[in-house]
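K.L.:
Questions regarding the structure given below will be posed in turn.
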Amino acid sequence: MAFTFRQLQYFVAVAEQGSVTRAAQNLSISQSSVTEAIKELEGDLGVELFERHPRGLTITYNGHQFLRHATKILADVSDARNVFTETQTSTGGTLNIGVTSLVAGYVLSDLLARYRRACPGVEVSAIEDNGSYLEHLLIGGELDVAVMVISNLRDRLALQAEILETSPYRLWLPIGHPLVSADIISIADITKEPLIMLTVDEIEENTGKLLSALGARPHVAFRTRSVEAVRSLVATGAGVALLPDLVYRPWSLEGDRIESRDVSGALPVVQVGMVWRKGSSLPQAARDFVGIAEASRSGRVR
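In terms of UniProt numbering, the sequence shown opens at residue 1 and continues consecutively.
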């Protein structure tokens with residue numbers, strides 16, 4: 001029997017949540033329904049998508065490969081369902097978008113692909129820069145809308161923001177690290193480890209504030225603006241990283257495994273959203289973009 005759309009939804013939910021329990025809660029169904037769907041999907045594909053262990057599930061290399069296809073299938077189905085409801089009136093015009101570097105490769109690419117399919121006649125211009133400069137351009141009317149990290153949005157009186165995705169911070173570890181098998185990981189445990197610091201958007205600022213508030217002084221072994229560099233450094237044992245789940249992938253470019261674990265305590269979250277100037281009359285092309293982004297969010301697995 002071929003796999004079903006529902007099985008793909010459940011698989012993506014478990015892969016994103018890293019837990020059958022959390023996936024079932026998001027889907028508002030029983031854990032047994034999710035477990036059974038995953039088993040049937042694995043049986044149909046003939047591969048294991050997850051490794052089972054006492055702490056829950058870990059996606060396998062085959063699962064990671066299949067996740068890309070499953071996500072695309074769900075996105076294509078969402079596009080097909082929305083084709084008659086999304087605003088299709090923009091036959092021309094221009095759209096000026098801003099994006100922060102962390103968001104560019106993880107959120108914007110999919111949104112732009114959807115937008116170009118829905119509004120092929122619109123000329124799109126995008127600029128990547130830091131959040132404060134994008135706020136300046138939005139307030140000055142030089143950008144129609146920005147897709148950016150909005151957790152630390154500075155000028156909330158002048159700007160309107162709508163959340164697209166919320167991502168908690170988690171600890172990245174190399175396979176075999178002692179903390180991988182720990183029942184509870186605290187901030188104190190992290191400060192004993194060499195830390196790989198990502199220096200894009202507000203990530204370094206958020207991590208520094210968190211550790212400072214707890215009186216912890218981390219040993220920063222390496223600072224980089226490259227997420228791929230962080231993955232490689234963590235996977236090869238150069239250090240650990242504390243980063244939002246948004247950018248987590250279980251494999252480095254070299255094919256080395258990266259583990260991700262929760263940390264006890266109140267960690268910050270990264271909110272990614274759309275931002276535009278408050279009170280401004282958005283052009284039709286920008287309204288279409290906002291509508292498609294909202295449809296993309298509501299079309300994700302629940």
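Quick reminder that beta carbons are idealized off the backbone N, C-alpha and C, glycines included.
1) What residues are listed by DSSP as bridge partners for Glu204?
2) Tell me which same chain residues have a C-beta within less than 6 Å of the C-beta of residue 329, skipping the five on either side of it?
3) Relative to the C-alpha of Thr224, which candidate in Leu211, Leu210, Gly237, Glu204 has its C-alpha closest?
4) To the nearest angstrom, report how far apart Glu228 and Gly265 are at their CA atoms.
5) Quick check on DSSP: helix, strand or coil for Ser151?
6) Could you tell me the alpha carbon to alpha carbon distance between Thr191 and Pro168, rounded to whole angstroms?
7) Which value, in whole angstroms, describes the spacing of the CA atoms of Ser19 and Phe222?
8) From Gly70 to Ser151, what does the alpha carbon distance come to, in whole angstroms?
9) How should Ile38 be labelled, buried or exposed, when 16 other C-beta atoms within 10 angstroms of its C-beta is the threshold for buried?
10) Under a Cβ-count criterion, where at least 16 other Cβ atoms within 10 Å of its own Cβ denotes burial, should Leu157 be classed as buried or exposed?
11) Would you mind working out which of Ala188, Arg277, Glu202 sits nearest Glu162, comparing C-alpha positions?
12) Using the rule of at least 16 other Cβ atoms within 10 Å of the residue's Cβ for burial, across every protein chain shown, is Thr89 buried or exposed?
P.N.:
Judging by the given coordinates:
1) For Glu204, which the question treats as bridged, DSSP gives no partner whatsoever.
2) Summary: the structure shown does not reach residue 329, with the chain confined to residues 1 through 302, and so no result is reported for it.
3) Out of Leu211, Leu210, Gly237, Glu204, Glu204 has the C-alpha closest to the C-alpha of Thr224.
4) CA-CA distance, Glu228 to Gly265, rounds to 27 Å.
5) Correct three-state label for Ser151: coil.
6) So the alpha carbons of these two residues sit roughly 19 Å apart.
7) Put simply, the backbone Cα of Ser19 is about 31 Å away from that of Phe222.
8) According to the sequence as given, residue 70 is Ala; it is not Gly. For Ala70 and Ser151, the distance between alpha carbons rounds to 29 Å.
9) With at least 16 other beta carbons inside 10 angstroms of its own, Ile38 counts as buried.
10) Label assigned to Leu157: exposed.
11) Nearest option by C-alpha distance: Arg277.
12) At Thr89 the pLDDT is 47, less than 50, meaning the model places this residue with poor confidence and gives no usable figure here.
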